[in-house]
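Participant:
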Amino acid sequence: MSEWDDYRLFWEEAVKQIQEELTEQEFSLWFNRMSYASSRQETIIVSVPSSFYRDQVKSRYLNLIENKLYELSGSRIAIEFQVQAVAVDGTTEKNQSRKSTPASPPKGTSGSQPRAGTQNPSAPVSPQEPAYRNRHSHHPSLKKEYTFDNFIIGENNAFAANAAMAIAKNPGTGYNPCLVYGGVGLGKTHLLQSIGNSVFQDFSDSKIIYVTMENFTNEFIQAIREKKQHMFKNKYRHADVLLIDDIHFLQKKPETQEELFHTFNALYDSNKQMVFTCDRPVSELKEITDRLRSRFERGLNVDLQPPSYETRYAILKKKIEAAGVQIPEESINLICENVTTNVRDLEAALTKLIAYAELVNKSITVDITKQQLKDFFSSPIQKNITIAVIQRNVAEYFGVSVQELKSKRKTKTIAFPRQVAMYIARDITEYSTTEVGLEFGGRDHTTVMHACDRIKERMKSDPYLVGQIDSLKKAIREASNRA
Ligand code: ADP
Ligand code: MG
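Just so you know, the sequence shown maps onto residues 0 to 482 in numbering that gives the first Met the number 0.
1. Quick one, are the C-beta atoms of residue 185 and residue 160 less than 8 Å apart?
2. Can you tell me the Cβ-Cβ gap for residue 167 and residue 194, rounded? I've got them flagged as a contact below 8 Å.
3. DSSP three-state call for residue 178: helix, strand or coil?
4. Closer than 7 Å to a non-hydrogen atom of the ligand ADP - does that hold for the CB of residue 346?
5. Sorted by chain position, which residues of the same chain lie with C-beta nearer than 7 Å to residue 439's C-beta, five sequence neighbours on each side aside?
6. List the DSSP bridge partners of residue 35.
7. Whole angstroms is fine: what's the gap from residue 472's alpha carbon to residue 231's?
8. Cα-Cα, which of 245, 357, 8, 382 is closest to residue 284?
9. Do you know offhand how far residue 277's Cα is from residue 415's?
10. Tell me whether residue 485 counts as near the ligand ADP, meaning its Cβ is closer than 7 Å to at least one heavy atom of that ligand.
11. Taking the alpha carbon of residue 476 as the reference point, which residue from 390, 339, 55 has its own alpha carbon closest?
12. Quick one: does the C-beta of residue 185 sit closer than 7 Å to a heavy atom of the ligand ADP?
13. If contacts are defined as beta-carbon pairs under 8 Å, then residue 34 and residue 46 qualify, I think. What distance do you get, rounded to the angstrom?
14. From what residue to what residue does the beta strand (DSSP E) around residue 363 run?
15. Please list, in chain order, all residues of the same chain as residue 443 whose beta carbon is under 7 Å from its beta carbon, the five residues on each side excluded.
16. Could you confirm whether any beta carbon from chain C is found closer than 8 Å to the beta carbon of residue 37?
17. Check whether the region 302 to 318 and the region 197 to 208 touch, using three or more Cβ-Cβ pairs below 8 Å as the test.
18. Between residue 300 and the rest of its own chain, which residues show a CB-CB distance below 6 Å, the 5 nearest in sequence each way excluded?
19. So, under 8 Å CB-CB, residue 262 and residue 235 are touching, yes? Tell me the CB distance rounded to an integer number of Å.
20. Given a cut-off of 8 Å, decide if residue 304 and residue 155 are closer than it, judged by their beta-carbon atoms.
21. Looking at the unbroken beta strand (DSSP E) that takes in residue 302, where does it start and where does it end?
22. Over what stretch of residues does the alpha helix (DSSP H) that includes residue 200 continue unbroken?
23. Is residue 153 near residue 19, with beta carbons less than 8 Å apart?
24. Mind checking which residues open and close the beta strand (DSSP E) that includes residue 209?
25. Are the CB atoms of residue 353 and residue 324 nearer to each other than 8 Å?
26. Tell whether a beta-carbon distance below 8 Å holds between residue 136 and residue 70.
27. Starting from residue 276, follow its DSSP beta bridges and name the residues at the other end.
28. State the start and end residues of the unbroken beta strand (DSSP E) segment that holds residue 287.
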């Protein structure tokens with residue numbers, strides 16, 4: 000089997016997916032008459048019935064096909080068309096993909112160089128369209144705005160950002176694997192994709208795969224269902240740079256963990272770069288096999304902290320400049336002072352303000368800022384939050400059960416989440432310490448007070464905990480709004 004034989008699978012899958020996107024009529028008009036002919040490195044040769052047809056398909060569908068192939072394989076597979084040979088001996092009927100029955104007998108071959116037997120994968124494949132590579136100005140799975148240039152470095156993220164830049168310069172050589180962890184909205188995805196974008200620009204031959212852990216899992220399940228594990232393995236185990244976002248999604252997914260473990264080993268052994276992100280340190284992941292945990296802990300683990308006032312200010316300034324709007328200095332200061340959680344909230348506040356000013360066609364003043372951003376500036380008590388929702392969210396986050404939170408057990412792994420849950424209950428609901436105590440297995444109100452003090456104290460010196468509690472509060476508010 001040649002190394003490129005899998006390209007046929009990618010082609011078939013791409014065609015199948017395109018069929019779902021086009022009308023039946025359009026699909027059968029253009030795709031039923033194209034067929035997979037052969038492959039060589041990073042190129043699939045597709046057979047078409049005429050040069051007219053070839054030109055039409057090129058102008059209408061080439062981008063679509065190539066993007067699909069890119070999504071599926073993670074590499075820049077180019078398409079070359081060959082106008083089908085006259086089938087004197089029926090050889091063109093061979094080796095056709097499921098979806099693509101070529102027109103028979105082929106017509107309109109004038110202007111091309113017909114060759115018999117071109118459907119044979121082992122046959123030489125010239126003459127062809129000139130190969131084109133690097134047609135994509137950016138990687139289709141990466142957001143092009145997520146670059147190092149657009150990432151403001153402060154003391155909260157400098158270590159992670161510098162590591163990411165070093166990796167992008169020399170993938171696979173130094174910090175491998177690398178794991179970036181931190182709470183929501185602190186720039187994990189931005190940094191991860193910046194690595195991808197940078198490698199994409201500088202190493203045009205590198206096969207870069209960016210995927211969220213959730214999509215990796217879904218793809219894996221689908222591959223099993225459709226008996227295409229081979230294609231799945233081929234895609235991931237041949238990456239040069241594998242970027243997986245939000246690995247905490249792996250918790251409680253033993254089969255995906257197993258698959259990732261093998262992918263990891265294959266890539267690690269061949270010095271391919273891997274970068275992961277996670278919403279917490281690896282040591283705090285629950286229900287994950289020890290062997291996979293130890294793989295993640297290999298290499299470099301770096302954290303992202305919430306931005307300081309100065310970094311928030313620099314980020315806001317940059318985003319304001321990019322948006323081309325005028326915002327009074329006092330308003331910028333107000334936002335920086337009040338939106339302290341993470342960069343995503345900072346962006347959301349700014350977007351809201353700009354949108355308002357544009358809609359009502361007013362310039363932004365300090366009064367407008369205060370009025371429009373009042374939700375960002377205070378965290379009002381939300382009436383619909385129950386202690387049960389808090390307990391469920393906190394328990395799930397820390398991998399303990401709600402019963403354990405309410406129990407008398409005092410082991411650290413349970414006592415700490417319990418204190419966090421009590422603290423959050425006091426912080427975002429109007430329940431008294433007595434009421435909160437009752438919901439936690441009938442504890443005394445002084446126990447609740449003590450728990451809240453402990454957490455407040457720890458938050459002063461542990462910005463990571465601040466981020467954790469922020470994201471928990473957010474999840475709880477959202478869950479309560481949905482209920
Ligand atoms: P996470 O993946 O950690 O939840 P994201 O990477 O999605 O966070 O970041 C949230 C938003 O904040 C994105 O729009 C991102 O561009 C922006 N952002 C985060 N950190 C920075 C930074 N240091 N400089 C500029 N923008 C940032
Ligand atoms: Mg993210």
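Cβ coordinates follow ideal geometry from the N, Cα and C atoms, glycine included.
Facilitator: Let me lay it out:
1. Start at 1 with the first residue of the sequence shown, and residue 185 comes out as number 186. Start at 1 with the first residue of the sequence shown, and residue 160 comes out as number 161. No, the pair does not count as a contact, with Cβ atoms beyond the cut-off.
2. Looking up residue 167 in the sequence shown gives position 168. Looking up residue 194 in the sequence shown gives position 195. Yes, residue 167 and residue 194 are in contact; Cβ-Cβ is about 5 Å, under 8 Å.
3. The residue labelled residue 178 in the question sits at position 179 within the sequence shown. Reduced to three states, the DSSP call for residue 178 is strand.
4. For the purposes of this step, residue 346 is identified with residue 347 of the sequence shown, where counting begins at 1. Result yes, Cβ under 7 Å from the ligand ADP.
5. By one-based count along the sequence shown, residue 439 stands at place 440. Result list for residue 439: 404, 405, 417, 421, in chain order.
6. Within the sequence shown, residue 35 is the residue found at index 36, counting from 1. Per DSSP, 45.
7. The residue given as residue 472 occupies position 473 in the sequence shown. The residue given as residue 231 occupies position 232 in the sequence shown. So the alpha carbons of these two residues sit roughly 37 Å apart.
8. Taking the first residue of the sequence shown as 1, we reach residue 284 at position 285. When each option's Cα is compared against that of residue 284, the closest is 245.
9. Sequence index remark: in the sequence shown, residue 277 carries index 278 (1-based). Sequence index remark: in the sequence shown, residue 415 carries index 416 (1-based). Taking the straight line from one Cα to the other gives about 21 Å.
10. Outside the displayed span of the chain (0 to 482) sits residue 485, for which this structure offers no information.
11. Mapped onto the sequence shown, residue 476 falls at position 477. Per the Cα distances, 390.
12. Along the sequence shown, read from residue 1 onward, the residue named residue 185 stands at position 186. Yes; taking the cut-off as 7 Å, the Cβ of residue 185 has a heavy atom of the ligand ADP nearer than that.
13. On the sequence shown, residue 34 is found 35 positions in, with the first residue counted as 1. On the sequence shown, residue 46 is found 47 positions in, with the first residue counted as 1. Between residue 34 and residue 46 a beta carbon distance of about 5 Å is seen, short of the 8 Å cut, so the two are scored as contacting.
14. Indexing the sequence shown from 1 puts residue 363 at position 364. Counting along the chain, residue 363 falls outside any beta strand (DSSP E), and DSSP gives it neither H nor E.
15. Taking the sequence shown and counting its residues from 1, the one referred to as residue 443 is at position 444. Result list for residue 443: 436, in chain order.
16. The chain inventory of the structure shown lacks chain C, comprising one protein chain alone.
17. Contact fails between the region 302 to 318 and the region 197 to 208, because fewer than three Cβ pairs, one in each stretch, are under 8 Å apart.
18. Locating residue 300 in the sequence shown gives position 301, counting from the first residue. These residues qualify, in order along the chain: 178.
19. One-based indexing of the sequence shown puts residue 262 at position 263. One-based indexing of the sequence shown puts residue 235 at position 236. Contact flag correct, Cβ pair sits at about 5 Å.
20. For the purposes of this step, residue 155 is taken as the residue at position 156 of the sequence shown. For the purposes of this step, residue 304 is taken as the residue at position 305 of the sequence shown. Yes; because the gap between Cβ atoms is below 8 Å, this pair is in contact.
21. Locating residue 302 in the sequence shown gives position 303, counting from the first residue. Here the beta strand (DSSP E) through residue 302 covers 299 to 302.
22. Indexing the sequence shown from 1 puts residue 200 at position 201. Where residue 200 is concerned, the enclosing alpha helix (DSSP H) stretches over 187 to 201.
23. Position 154 of the sequence shown, counted from the first residue, corresponds to residue 153. Position 20 of the sequence shown, counted from the first residue, corresponds to residue 19. No, they are not a contact pair.
24. Within the sequence shown, residue 209 is the residue found at index 210, counting from 1. Where residue 209 is concerned, the enclosing beta strand (DSSP E) stretches over 207 to 211.
25. What you label residue 353 is simply residue 354 of the sequence shown in a count that begins at 1. What you label residue 324 is simply residue 325 of the sequence shown in a count that begins at 1. Yes, they are a contact pair.
26. On the sequence shown, position 137 is the one that residue 136 refers to. On the sequence shown, position 71 is the one that residue 70 refers to. No, the Cβ-Cβ distance between residue 136 and residue 70 is not below 8 Å.
27. Taking the sequence shown and counting its residues from 1, the one referred to as residue 276 is at position 277. Answer is 179.
28. Along the sequence shown, one-based indexing puts residue 287 at 288. Per DSSP, residue 287 belongs to no beta strand (DSSP E) and is neither H nor E.
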